[in-house]
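In UniProt numbering, the protein residues as written are 1 to 337. Beta carbons are placed, not taken as given, at the ideal position from N, Cα and C, and that holds for glycine. What you are looking at is a predicted structure, and each value in this text was computed from that prediction instead of being measured.
Next up, the structure:
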């Protein structure tokens, strides 16, 4: 049986190892993808450190990686829509019998030389878009896109705040500018992140520890406050701060994941102002990916600056460590099998 390399996480011990495993064979309705690029996400870090735990995984070990691009290497019985050699981006998850399974969490992902996918859980990658940029679209770009366009339903000229300008938040800044939000206010304690936000189109970048933050947001919004606030940090203090600067009928969209409780300090004020708190997870891949790939191909979006470095698959642990420690303040690191 032909073998391949894969970065496998043993869940009980939270141990990440590069292992030789059997190269998968596509079954009915499946395709085999030769992985060309795979993104390293903070969710991968949280799986390794134990903050996140797979809910639907069969067994105790999984190949990580939910941001994956590559080429079709083979097709299973009954597959007619894909042929070997086609460039593709894999969805970050699949829906099976009404349940959402996340790639690289609930089933094997793309930190490997090859990855399996349902024939319906991937989309074609235009030749003009490099594999590294294509790989990060699921999650790093499509998640904020879904949060902005669907959950948050941001309209042109609405004032919006983005808390946490990291791997997803920096893309939210770009996407908010694309949909016409104004002003776009980025909030992050890291000065490098604030500079990056301004470079990507934020109208104002503030330190979350700035005692004048509320006054500066009021000034930027003509005293109204923010129509929408997006928490990409998953930190209780961020959520409290965002609620304090929401406008009447403003909505707080929770994108960053945390197991900490959510508290509304002044429930009467919250209800009187008819504000909302909305949870968000992932995106509608069949809709979001073609939209984003079209905008990239058409020159409206460019994520080349988001690729902070590339490492071979064998150095997956180093990539995780660099992201966890924010070495070089990376947006996205790419693994190349």
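- When C-alpha distances from residue 176 are compared across 207, 191 and 143, the shortest belongs to 143.
- If one requires a minimum length of 4 residues, the alpha helix (DSSP H) runs lying completely within the region 259-298 are 267-272 and 285-297, in chain order.
- Per the Cβ contact rule, the region 56-63 is not in contact with the region 28-40 (fewer than 3 Cβ pairs under 8 Å).
- Rounded to whole angstroms, the gap between the alpha carbons of residue 98 and residue 12 is 28 Å.
- In the DSSP assignment, residue 160 forms a beta bridge with 184 and 228.
- In the three-state DSSP reduction, residue 200 falls in the coil class, being neither helix nor strand.
- Relative to residue 258, the option among 50, 173, 199 and 210 whose CA is nearest is 50.
- Annotation: the continuous beta strand (DSSP E) that includes residue 93 extends over 93-96.
- For residue 69, the secondary structure class from DSSP, reduced to helix, strand or coil, is strand.
- Shown here, residue 324 sits in a helix according to DSSP, grouped into three states.
- Annotation: residue 231 to residue 254 spans about 5 Å, alpha carbon to alpha carbon.
- Between the region 169-189 and the region 295-310, the count of Cβ pairs shorter than 8 Å is three or higher; the stretches touch.
- Taken through DSSP and simplified to helix, strand or coil, residue 208 comes out as coil.
- A contact is defined here as three or more CB-CB pairs under 8 Å, and the region 284-296 fails this definition with respect to the region 158-168.
- Going by C-alpha positions, residue 237 is about 20 Å away from residue 167.
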